[in-house]
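Counting along the sequence shown from 1, when you hit position 37 you're at 37 in this note's numbering, and nothing is skipped either side. Read the structure below first, then the notes.
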Amino acid sequence: MRFEDYIKSLPIAEDFKNLILDQNFRDSNPAYYQNYPVLFSKAFLFKKNDLDYLNIAGYLYYQATLFTDCLIDEKEIEQFPLITICQEECIKILTSIYGLKSNFWKLWNKRKEEYLQALFIDKELQKKENVALEEYETLADKKSAFGKVALDCLFTIDNQDEDLYQKLLLSHKYFSVAFQLNDDIQDFKEDLRKGQFNWAVYLLQKQNLSHTDPDLLEKYLYIRGISKEMYQLGIQYCDKALSIVENIDVPEWKNTLVHTQTTFRHAILEIDNYLKALTS
Numbered sequence: 001m002r003f004e005d006y007i008k009s010l011p012i013a014e015d016f017k018n019l020i021l022d023q024n025f026r027d028s029n030p031a032y033y034q035n036y037p038v039l040f041s042k043a044f045l046f047k048k049n050d051l052d053y054l055n056i057a058g059y060l061y062y063q064a065t066l067f068t069d070c071l072i073d074e075k076e077i078e079q080f081p082l083i084t085i086c087q088e089e090c091i092k093i094l095t096s097i098y099g100l101k102s103n104f105w106k107l108w109n110k111r112k113e114e115y116l117q118a119l120f121i122d123k124e125l126q127k128k129e130n131v132a133l134e135e136y137e138t139l140a141d142k143k144s145a146f147g148k149v150a151l152d153c154l155f156t157i158d159n160q161d162e163d164l165y166q167k168l169l170l171s172h173k174y175f176s177v178a179f180q181l182n183d184d185i186q187d188f189k190e191d192l193r194k195g196q197f198n199w200a201v202y203l204l205q206k207q208n209l210s211h212t213d214p215d216l217l218e219k220y221l222y223i224r225g226i227s228k229e230m231y232q233l234g235i236q237y238c239d240k241a242l243s244i245v246e247n248i249d250v251p252e253w254k255n256t257l258v259h260t261q262t263t264f265r266h267a268i269l270e271i272d273n274y275l276k277a278l279t280s
């Protein structure tokens, strides 16, 4: 079943259906989140029908997570009913697949706890003068708890190879760091405004650059080579993620990692061209 068909069949108000199916939302977020379990699906055994519904549940959970971020960061109380609907429909689907007593729910609760831990870690890192890269890795991994639910879902259905599952989780962790590095560059000014921990902001502060003008700081981000350094680091983390799954049959996941690296390389070229234009 397609996501659109499922949402349209729900007994909820049309306004909520339209918000969940909003094309602008889809276009402004990575397309792979619409079918996240598919990225790892070839490595596990399951029914095709289960995968279709896991994709739907996953995208509902993804939306609920982003809407929750808006509620927390922007105090957008109007998001609350939409969050509730997305969470409820997601849990309905998962319950229909796993029942009530599956070990899956232990993992589900673990991921919810990780999401909350990420909020706490973010606040703690803001207070620190020196932040180790390993601490940033932990933050990125906790913030990506949603993505790990896809692996939890597939592993719980298959429940055969713990080593495979752990390798995929580690690969996912490395990717989450690359994703967060890019996110910190893209959301630089927004994170400054919200007071959220951001690796780019942290690196600027280490260079004693703490100007109050976000536009000026963003220019320093490129002129001082910080954005380029972060993209290069992101490429390295994608390499780590790829090496972990070298002998695992997850072609869609590997394609996602390679595509991310390509995107970062293009960004580096654009930065180099920008700097050449400034100095010519």
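Even for Gly, the Cβ is constructed at its ideal location relative to N, Cα and C. Predicted model only: the values in this text are computed from it and were never measured.
Do residue j and residue i come within 7 Å of each other at the CB atom, strictly closer than that value?
i           : j           : result
residue 146 : residue 65  : yes
residue 178 : residue 237 : yes
residue 199 : residue 184 : yes
residue 126 : residue 44  : no
residue 225 : residue 181 : no
residue 244 : residue 167 : yes
With distances taken from CA atoms, which of the options is nearest residue i?
i           : options            : result
residue 87  : 193, 112, 44       : 112
residue 39  : 61, 192, 253       : 253
residue 230 : 244, 217, 259, 267 : 267
residue 208 : 72, 15, 221        : 221
residue 14  : 63, 226, 85, 28    : 85
residue 262 : 80, 232, 168       : 232
residue 47  : 223, 157, 79       : 157
residue 186 : 159, 23, 275, 227  : 227
residue 144 : 248, 244, 69, 249  : 69
residue 30  : 273, 279, 260, 11  : 260
residue 164 : 116, 249, 204, 129 : 249
Residues in its own chain within less than 6 Å of residue i by CB, not counting five upstream and five downstream?
i           : result
residue 214 : 189, 192
residue 98  : 104
residue 63  : 86
residue 264 : 231, 234, 235
Leaving out five residues on either side along the sequence, give the residues of the same chain with a beta carbon under 8 Å from the beta carbon of residue i.
i           : result
residue 4   : 21
residue 59  : 3, 33, 34, 35, 36
residue 258 : 238, 242
residue 61  : 86, 87, 90, 146, 149
Using a Cβ-Cβ cutoff of less than 7 Å, which residues in the same chain neighbour residue i once the five nearest sequence positions on both sides are dropped?
i           : result
residue 82  : 16, 19, 67
residue 8   : 17
residue 271 : 222, 227, 228
residue 141 : 173, 176
residue 79  : 67, 70, 71
Task: Three or more C-beta pairs below 8 Å linking the region 148-159 and the region 51-64 - done: yes
Task: Inter-stretch contact (C-beta, 8 Å, three-pair minimum) for the region 164-175 and the region 120-136 - done: The region 164-175 is not in contact with the region 120-136.
Open item on the list: Tell me whether the region 118-132 and the region 83-97 touch, counting them as touching only if at least three CB pairs, one residue from each stretch, are closer than 8 Å.
Closed with: No: the two stretches stay apart, fewer than three of their Cβ pairs being nearer than 8 Å.
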